[in-house]
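Data block below; observations after.
Number of protein chains: 2
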Amino acid sequence: MTQPSSLDELIEALRCLPGVGPKSAQRMAYYLLQRDPRGAERLSAALDHALKTLRRCNRCNTFTEDEVCDRCRSPRRDSSLLCVVEMPVDLNTMEQTHAFNGLYYVLMGHLSPLDGVGPKELGFDRLLARATDGIVREVVLATNFTNEGEATAHYISEMLHPRGLKISRIARGLPVGGELEYSDAATVAQALMERRDY
Amino acid sequence: MTQPSSLDELIEALRCLPGVGPKSAQRMAYYLLQRDPRGAERLSAALDHALKTLRRCNRCNTFTEDEVCDRCRSPRRDSSLLCVVEMPVDLNTMEQTHAFNGLYYVLMGHLSPLDGVGPKELGFDRLLARATDGIVREVVLATNFTNEGEATAHYISEMLHPRGLKISRIARGLPVGGELEYSDAATVAQALMERRDY
């Protein structure tokens, strides 16, 4: 009386996706089989292809199909500036600003001792080697302003300061279009402390 | 400066999943590549396998790996009762009640003229053939109580009534544990109209 096993297995396999529980997995499976078998075929092939071709860039640690990614190889980038971000999505967000023309280092996470993610797991030795290549002059810390992101930024700055590098942190403050009335007190306090001459 | 193409393709392919937009697709892709490549492998294989092995049951129209599904072949089911549901998930919900021991017919949708889904697209001729096999005596309409579900139930009852079959509709009313105070007026009105002798 049960469902066919290949359907069960598909539902179970879909649960590996972040944020997908048993109900959504079931809905997704039926949807794919009934409405979009071509999409399912494409997804299967894309997963397969991505797993086979993608690796980490030797310089910035992000996903690439080559040993060194396009961005790290580009002569139009200012290689004296190195921006440290947590995830590839953060790198994309930075790029969308068109306000940064340096290079990146993607940590692929943040320090999280409770989850067993320490400096070693995040490969800080590789970041250290990357930042002390003799070309990098300034390291811009662009980890998130969460507890973990802040701790990670702090740790990295402690690690790199003795190397004679300039270390900076992206600014906290009110968002563009932000109104004092609707901002939380901590953000306003930070904006006040980090005020600039005008 | 762009992302590797196999990563782009994976993100694009993940968007075929229902409820997954560009942001979630990106998050899912990074998650799979970074944290769960094994899950990704398994998902790719499960999709592939499901597409290859799953077909529609000749009798109830649900997904199965055989010509006729286990349930339709079972001698322990009352084959004089045929319950019509919209989707396989609805069938599962019915089964979880353990209150129905008949057989099913899964429409794989509901009438939705605006989306071009009419009686022909839903294969009502197959349902008609199934319901008039000479064994079925009662057809229980268990489509949803949405406009589309109601219209579908109405259409099916019109189609089957002249065939001398008993047609019934699952009841509307207050949910188990439901309180009048917190029920919407339409549900209470329906519960009143469909009141039973006590």
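From first to last, the protein sequence lines are chains A and B.
Under the working numbering, the first residue of the first sequence is numbered 1, with each subsequent residue one higher.
Under the working numbering, the first residue of the second sequence is numbered 1, with each subsequent residue one higher.
Where a beta carbon is used, it is the ideal one built from N, C-alpha and C, also for glycine.
Span of the beta strand (DSSP E), counted from its first residue to its last, around residue i
i, result
"aspartate 8 of chain A", "Where aspartate 8 of chain A is concerned, there is no enclosing beta strand (DSSP E), although the alpha helix (DSSP H) it sits in stretches over 5 to 14."
"leucine 141 of chain B", "138 to 141"
"lysine 210 of chain A", "The requested residue 210 of chain A is not part of the displayed model; chain A covers only 1 to 198."
Start-to-end residues for the alpha helix (DSSP H) that takes in residue i
i, result
"valine 84 of chain B", "Element bounds for valine 84 of chain B: not the alpha helix (DSSP H) but the beta strand (DSSP E), 78 to 85."
"glutamate 65 of chain A", "Premise fails: glutamate 65 of chain A is in no alpha helix (DSSP H) and is neither H nor E."
"tyrosine 155 of chain A", "147 to 160"
"leucine 107 of chain B", "Neither: leucine 107 of chain B is in no alpha helix (DSSP H) and is coded neither H nor E."
"threonine 132 of chain B", "Threonine 132 of chain B -> no alpha helix (DSSP H), and no H or E assigned at all."
"arginine 27 of chain A", "22 to 35"
"glutamate 95 of chain A", "88 to 97"
"leucine 192 of chain B", "185 to 193"
Chain B contact for residue i (CB, 9 Å cutoff)
i, result
"alanine 29 of chain A", "yes"
"threonine 64 of chain A", "yes"
"aspartate 36 of chain A", "yes"
"cysteine 16 of chain A", "yes"
"arginine 42 of chain A", "yes"
"serine 24 of chain A", "yes"
"threonine 199 of chain A", "The requested residue 199 of chain A is not part of the displayed model; chain A covers only 1 to 198."
Contact under 9 Å by Cβ, residue i with residue j
i, j, result
"valine 140 of chain A", "cysteine 69 of chain A", "no"
"glycine 149 of chain B", "arginine 27 of chain A", "no"
"isoleucine 156 of chain B", "leucine 127 of chain B", "yes"
"valine 89 of chain B", "leucine 107 of chain B", "no"
"leucine 91 of chain A", "cysteine 72 of chain A", "no"
"leucine 114 of chain B", "tyrosine 31 of chain A", "no"
"alanine 25 of chain A", "arginine 15 of chain A", "yes"
Neighbour flag for residue i against chain A, beta carbons, 9 Å
i, result
"aspartate 48 of chain B", "yes"
"threonine 146 of chain B", "no"
"asparagine 92 of chain B", "yes"
"arginine 67 of chain B", "Reading off the sequence, residue 67 of chain B comes out as glutamate, not arginine. Chain A, which has no Cβ nearer than 9 Å to the Cβ of glutamate 67 of chain B, makes this no."
"glycine 39 of chain B", "yes"
"glycine 19 of chain B", "yes"
"alanine 185 of chain B", "no"
"leucine 33 of chain B", "yes"
"leucine 10 of chain B", "yes"
"alanine 45 of chain B", "yes"
"proline 88 of chain B", "yes"
"leucine 7 of chain B", "yes"
Own chain partners of residue i with C-beta closer than 6 Å, once the 5 adjacent residues on each side are dropped
i, result
"leucine 81 of chain A", "Gly102, Glu138"
"glutamine 34 of chain A", "none"
"leucine 202 of chain A", "Residue coverage of chain A in this structure runs from 1 to 198, which leaves residue 202 of chain A outside it and unanswerable."
Beta-carbon contacts of residue i that lie in its chain and below 7 Å, excluding the five residues immediately before and after
i, result
"methionine 1 of chain A", "Because methionine 1 of chain A sits at a pLDDT of 45, beneath the cut-off of 50, its placement in the model cannot be relied upon, and the following sentence gives the value as read from the coordinates. Nothing meets the Cβ criterion."
"glutamate 194 of chain B", "Ala171, Arg172, Gly173"
"arginine 225 of chain A", "Chain A is shown only over 1 to 198; residue 225 of chain A falls outside these bounds and no answer can be derived."
Cutoff 8 Å; reference residue i; Cβ partners in own chain excluding five residues on either side
i, result
"leucine 111 of chain A", "Val117, Gly118, Pro119, Leu122, Glu148, Ala151, Thr152, Tyr155"
"serine 54 of chain A", "Position check: residue 54 of chain A holds leucine in this sequence, whereas serine was assumed. Correct list, in chain order: Phe63, Thr64, Glu65."
Residue i: CB within 8 Å of a non-hydrogen atom of the ligand MG
i, result
"threonine 152 of chain A", "Here there are no bound small molecules, and the ligand MG is not part of this structure."
Note to self: With a threshold of 8 Å, are at least 3 pairs of Cβ atoms found where one atom belongs to the region 119 to 136 of chain A and the other to the region 93 to 101 of chain A?
What the structure shows: They do not touch, by the three-pair rule.
Notebook entry, point to check: Below 8 Å, can you find three or more Cβ-Cβ pairs linking the region 62 to 79 of chain B to the region 113 to 126 of chain B?
Noted result: These segments do not touch.
Next item on the list: Determine, using beta-carbon pairs with one atom in the region 41 to 49 of chain A and one in the region 32 to 46 of chain B, whether at least three such pairs fall under 8 Å.
Entry: Yes, the region 41 to 49 of chain A is in contact with the region 32 to 46 of chain B.
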